[in-house]
Amino acid sequence: MNKFQEMYLAKKMTPEEVAKFVKSGDVCASPTGLVEPTAICEAIAQRARNGELTGVLHHQTLSVKGGPFLNYEELKGKYDYVSWFTGAAGRKGIQEGHYTYIPANYSTIPGYWRDVQPKLDVMYAEVSPMDGHGYFSCAMAGAEAVAMRDKAKIILLDVNDKMPRVLGNNQIHISQVTALCESSRPLSILPNAPLTDIDKTIGQMIADEVPNGATLQLGIGGIPNAVGVLLRDKQDLGIHTEMLTDSMVDLIQCGAVTNMKKPINVGKTVATLAWGTQKMYDFMHDNPAFEMHPVDYTNDPNIIGMHDNFVSVNSCIEIDLFGQVCAESIGTKHYSGSGGQVDFVRGANLSKGGKGFIAMTSTTKGGTVSKIKPVLTPGSIVTTTKNEVDFLVTENNIVRLKGQTASDRAKMIISLAAPEFREELEFEAKKMNLIV
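Taking my numbering, I'd label the letters of the sequence shown as residues 617 to 1052.
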């Protein structure tokens, strides 16, 4: 037994014992997604239910597991959630005003922990088993892990033997750990939903714009997944992305991605988080072709812009005739967060030959409501400004706004709408003197 194994055994406890390191009023944080430590969070929640804790805050960009801190009916004021993005698990509570979120571009969040937030009492994370050198991998999240690790007074780990060991700048050493527990829990799965005909139509228009040797960032959802499927005949692609999903791993396995044309991290698939199927997790385990990095590296527009022919693909909720993009709210109703959309739009704009695509279906509610608006729905949040938008895509057309006049942009955006809405949009554009 080496010294690292001795330290491990000395710090090993039950989840209930680990949870006792959290005190009332503590600011706690977990890296995003799959790294949320289920056993520890549940033990903290039970202490709050028992009246042992009050005023504990749990910060996390995205909860994909639906942690106990989301149960605002019994834990409000005791163990509260603060979101930095908001997914399906936390959306309802924010919409109803039970907890709140912090607006931010994803690339800026590590800097918040380093430079703005006055304290971080506890970092907790679900990690892979310790290696022979005393390191745990935060596996599916580089994201905020390093900044949290370096800021926190106390570090608590849930060591899950089902968590793959993913390499990169996402490691925590046993010497930094206050206490740990062990678990054996299958990872949350993001199933591959069947692609619709509209997904495929939009995906093909984008795929046709992607040259061999391009470096990719694909967002989450049907349209980015369709792009991934339709790029399988390309050559020498690279991946430098925020979230890694199955469609990108498929591109690696079929040989379309080699990562050999990248100027940095050559031969490596770079991401800051991952969520997919067990097949993807197994492929990533201890695979030196993958690197997880902090989000202030992956999403840094200047780092992104170093890659020639960088292609960014993201989605949104609605677009107006000025070219403003909303990806966060439906009117005043909170739906999501900025995430890395703006980071990658800016990065693609800085790339020689770069292309940034924002895509969506043109209608909602069974085709009765256009998602192309004269102006954004009142209260809607502008995620990507008109000055930064490059390509817009729906099933009806693909247009490039960069360098176009306001009048020409409005006409191009109208062409993205379903035909039955175009006359009304043109009428409104003329009323606003957008079309001359």
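For each residue, glycine too, the CB sits at the ideal point set by N, CA and C.
Query                                                                                                                                                             : Result
Just grab the DSSP bridge partners of ASN618 for me.                                                                                                              : The partner list for ASN618 (beta bridge, DSSP) is empty, contrary to what the question assumes.
Which residue comes first and which comes last in the alpha helix (DSSP H) that contains GLY972?                                                                  : Unbroken run through GLY972 is the beta strand (DSSP E), 971-975; no alpha helix (DSSP H).
Please return the same chain residues whose Cβ sits closer than 7 Å to the Cβ of TYR897, not counting the five positions on each side in sequence.                : PRO780 and LEU803
Which parts of the region 953-1011 are runs of the beta strand (DSSP E), unbroken and 3 residues or longer, counting only runs that do not cross its ends?        : 971-975 and 1007-1010
Taking only runs that begin and end inside the region 786-871, name each unbroken alpha helix (DSSP H) of 4 or more residues, in chain order.                     : 813-823, 838-845 and 862-869
Roughly how many angstroms separate the alpha carbons of SER791 and MET623, rounded to a whole number?                                                            : 8 Å
Can the beta-carbon of GLY983 be found less than 8 Å from the beta-carbon of PHE926?                                                                              : no
Considering only the alpha carbon of each residue, which of PRO734, ALA704, LEU669 and LYS877 lies closest to GLY693?                                             : LEU669
With distances taken between CB atoms, is the gap from VAL1052 to SER1023 smaller than 8 Å?                                                                       : yes
With 16 other CB atoms within 10 Å as the buried threshold, where does CYS870 fall?                                                                               : exposed
Under three-state DSSP, which class holds ALA905?                                                                                                                 : coil
Just to check, is the beta-carbon of ASN881 closer than 7 Å to a non-hydrogen atom of the ligand GTP?                                                             : In the structure shown, the ligand GTP is absent, as is every other ligand, since no ligand is present at all.
Confirm, please, whether the CB-CB distance from HIS856 to HIS749 is below 8 Å.                                                                                   : no
Going by DSSP, what residues sit across from GLU742 in a beta bridge?                                                                                             : ASP774
Can you tell which of ARG1025, GLN940, ALA626 and LYS1002 has its C-alpha closest to the C-alpha of LYS987?                                                       : GLN940
Check whether the region 670-677 and the region 692-707 touch, using three or more Cβ-Cβ pairs below 8 Å as the test.                                             : yes
Report the rounded CA-to-CA distance for LEU1074 versus ASP866, giving the unit in angstroms.                                                                     : Since the displayed the chain opens at 617 and closes at 1052, residue 1074 lies outside it and no answer follows.
Between the Cα of MET876 and those of ALA887, ASN828, CYS644 and GLU798, spot the shortest distance and give me the residue it belongs to.                        : ASN828
Mark ILE880 as exposed unless 16 or more other C-beta atoms lie within 10 angstroms of its C-beta, in which case mark it buried.                                  : exposed
Let me check one thing: in DSSP terms, what residues is VAL886 bridge-paired to?                                                                                  : HIS856 and GLU907
Write down the C-beta distance between ASP774 and ALA655 rounded to the nearest angstrom, noting that I regard them as a contact closer than 8 Å.                 : 5 Å
Measuring alpha carbon to alpha carbon, tell me which residue in PRO745, VAL762 and GLN733 is nearest THR912.                                                     : It is worth fixing the name first, because residue 912 is Asp in this sequence and not Thr. If we check each option's Cα against that of ASP912, VAL762 comes out closest.
Excluding the 5 residues flanking GLN820 on each side, which residues of the same chain have their C-beta closer than 6 Å to its C-beta?                          : LEU846
Taking contact to mean 3 or more Cβ pairs, one atom from each stretch, closer than 8 Å, check whether the region 969-978 and the region 1006-1016 are in contact. : yes
Can you tell me whether DSSP reads VAL634 as helix, strand or coil?                                                                                               : helix
Do GLY921 and SER967 have their C-beta atoms within less than 8 Å of each other?                                                                                  : yes
Three Cβ pairs or more, each shorter than 8 Å: is that satisfied between the region 726-740 and the region 754-769?                                               : yes
Is the region 635-652 touching the region 806-816 in the sense that three or more CB pairs, one from each, lie closer than 8 Å?                                   : no
Rounded C-beta distance between SER753 and VAL793? I'm assuming under 8 Å.                                                                                        : No, SER753 and VAL793 are not in contact; Cβ-Cβ is about 13 Å, not under 8 Å.
Which same chain residues end up closer than 8 Å to MET629 when comparing Cβ atoms and leaving out the 5 residues on each side of it in sequence?                 : ALA795, LEU796 and CYS797
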